[in-house]
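Enquirer: In the working numbering, the protein residues as written are 13 to 219.
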């Protein structure tokens, strides 16, 4: 019954249903990351910032981007799906990753909103190439157009957890993220020590 209601809502109000679901799942990914990190208190401000970026840009962009792709390359033939995947990973994925890093930094009031992007963008994009092409292949082949953004939101729950970890503690690589899942406290301590070492090295070079 609940599934049927959600499906009908997505058909009648596709933009609202898709963007809202995408934003909620993306913010949920941040909460999952914080729970795995075993923090004493949930940083609701960070979750709010992630939700703002997810709803205002990520969800809206993906909603219209997926429709533009389908309009330009209609159908599910191998050639059309390949073209959609190629454009998605070479343009949309780097753009969405860049907006996440800079957008959340901007909302937090960081002086240098490009700092995280410079340090972690390339690693994050490479990690995404191990995940998103497979998810988007399923999306383009199996999902009707009015459900594609919502499907991306489901996939983005896991991806958002990785992004939030990478931005706050990681380096954008899957290796460090997996180590974090296996032993969160040890990995966080090692990453903190590595950041401090980099800062000391930077200060020494400047002096």
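Backbone N, C-alpha and C fix where the C-beta goes; we use that ideal spot for every residue, glycine too. None of these values were measured; they are calculated from a predicted model.
1) Please report the straight-line C-alpha distance between residue 129 and residue 174, rounded to a whole angstrom.
2) Helix, strand or coil for residue 140 per DSSP?
3) Please tell me whether residue 133 and residue 106 are closer than 9 Å, where the distance is taken between their beta carbons.
4) For the candidate residues 40, 23, 27, whose alpha-carbon lies nearest to that of residue 167?
5) Note down, in chain order, each residue of its chain lying with its Cβ closer than 8 Å to the Cβ of residue 97, except the 5 sequence neighbours on either side.
6) Quick check: the Cα distance between residue 114 and residue 90, rounded to an integer number of angstroms?
7) Spatial neighbours of residue 71 within its chain, please: C-beta separation below 6 Å, excluding the five flanking residues on both sides.
8) Buried or exposed for residue 160, going by 16 or more other Cβ atoms inside 10 Å?
9) Do residue 190 and residue 78 have their CB atoms nearer than 9 Å?
10) For a test of the three-state rule: what should DSSP assign to residue 185, helix, strand or coil?
11) Taking the straight line between their C-alpha atoms, what separation do you get for residue 124 and residue 112?
12) Out of 188, 136, 104, 122, point me to the one whose CA is closest to residue 58's CA.
Expert: This is what the structure gives:
1) When only Cα atoms are considered, residue 129 and residue 174 end up about 15 Å apart.
2) In the structure shown, residue 140 sits in a helix (DSSP, three-state: H, G or I).
3) In this structure, residue 106 lies closer than 9 Å to residue 133 by Cβ.
4) Closest option to residue 167, Cα to Cα, is 40.
5) Its chain contains 145, 148, 149, 152 as the residues whose beta carbon lies nearer than 8 Å to that of residue 97, once the 5 sequence neighbours on both sides are disregarded; these appear in chain order.
6) Going from the Cα of residue 114 to the Cα of residue 90 covers about 35 Å.
7) So the qualifying residues of the chain are 31, 34, 35.
8) Flag for residue 160 reads buried.
9) Between residue 190 and residue 78, the gap from beta carbon to beta carbon reaches 9 Å or more.
10) Under the three-state reduction of DSSP, residue 185 is assigned to coil, being neither helix nor strand.
11) Between residue 124 and residue 112, the alpha-carbon positions lie close to 14 Å from each other.
12) Checking every option, the nearest Cα to that of residue 58 belongs to 122.
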